[in-house]
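Following: one structure in structure tokens, then a few remarks.
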């Protein structure tokens, strides 16, 4: 999942051959959105993008159409294209759906073989350590990236491709609200404390009761994240 890395790549695509410029422009803009460089409500001016990336209007328009189909930008007649702003109802529905997927993933991974489960725990420990370091440095973007990887590891290890596809789409949309959710040190510290509880529950999950506890902590973590956002 390249978009999780927040890597922008090159800023112009002049001279690139044998690949779709539209997809390259889309991925560039997607990474800009995911990194917080492009923010909700911000205009995407076609002439500026053409000049910045040294491409024609065709791949820029192709990229903007695809981002609109993904629900990340909105086209306004006689006005232009803007980074989408989610309504409170949309955010609520997305968090609710995400909580269901996280709960299922938590149950599935907690019932993996001990070897697979502990392999996941090792990856989660790395993410938690990265988030601790990001908190020490007050680095919001580093925290956000590690947080995305933390939750994606659960989805990966759960092994359901349809859930993974839906989860990716939900996270991409929720990004428009979630950087704000993690913008305060207090929110980030609370978030990572919950991560540590989840990892410990997974480490101890050697029966169905443990699996349910891990799943419950995961879904409650998502609910709490939504509440922190709503209270801002």
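Residue numbers (this note's numbering): 111 to 342.
All C-beta atoms, glycine included, are put in the ideal place defined by N, C-alpha and C.
Boundaries (first-last residue) of the beta strand (DSSP E) holding residue i
| i | result |
| --- | --- |
| residue 190 | 190-193 |
Coarse secondary structure for residue i, derived from DSSP in three states
| i | result |
| --- | --- |
| residue 339 | helix |
| residue 132 | helix |
| residue 302 | helix |
| residue 99 | Nothing about residue 99 can be reported from this structure: the residues present for the chain run from 111 to 342 only. |
| residue 316 | coil |
| residue 257 | helix |
| residue 248 | coil |
| residue 325 | helix |
6 Å Cβ shell around residue i - same chain, five flanking residues per side excluded
| i | result |
| --- | --- |
| residue 189 | none |
| residue 240 | 256 |
| residue 325 | 213, 216 and 217 |
| residue 336 | 205 |
Alpha carbon of residue i to alpha carbon of residue j, nearest angstrom
| i | j | result |
| --- | --- | --- |
| residue 160 | residue 282 | 24 Å |
| residue 218 | residue 184 | 36 Å |
| residue 148 | residue 226 | 38 Å |
| residue 309 | residue 234 | 7 Å |
| residue 135 | residue 275 | 21 Å |
| residue 119 | residue 238 | In this prediction, residue 119 has a pLDDT of 44, which is less than 50 and means its spatial position is unreliable; what the coordinates show is noted afterwards. Straight-line Cα distance between these residues: approximately 26 Å. |
| residue 265 | residue 210 | 12 Å |
| residue 196 | residue 306 | 30 Å |
| residue 253 | residue 284 | 16 Å |
| residue 278 | residue 258 | 10 Å |
| residue 248 | residue 338 | 18 Å |
| residue 152 | residue 180 | 17 Å |
| residue 178 | residue 193 | 9 Å |
| residue 228 | residue 333 | 26 Å |
| residue 200 | residue 158 | 30 Å |
| residue 419 | residue 298 | This structure cannot settle anything about residue 419, because the visible part of the chain is limited to 111 through 342. |
| residue 244 | residue 143 | 20 Å |
| residue 176 | residue 323 | 39 Å |
Identified DSSP bridge partners for residue i
| i | result |
| --- | --- |
| residue 183 | 193 |
| residue 154 | 191 |
Contacts around residue i, its chain only, beta-carbon distance under 7 Å, and the 5 residues preceding and following it disregarded
| i | result |
| --- | --- |
| residue 174 | 154, 183 and 191 |
| residue 242 | 302 |
| residue 314 | 320 |
Sequence-distant residues of the same chain with beta carbon closer than 8 Å to residue i, five excluded per side
| i | result |
| --- | --- |
| residue 156 | 167, 170, 171, 174, 190 and 191 |
| residue 230 | 219, 222, 263, 264, 267 and 312 |
| residue 280 | 204, 207, 208 and 211 |
Delimiting residues of the alpha helix (DSSP H) encompassing residue i
| i | result |
| --- | --- |
| residue 166 | From DSSP, residue 166 is part of no alpha helix (DSSP H); its letter is neither H nor E. |
| residue 378 | For the chain, the structure presents residues 111 to 342; residue 378 sits outside this window and is missing. |
| residue 221 | Segment: none, residue 221 is in no alpha helix (DSSP H) and carries neither H nor E. |
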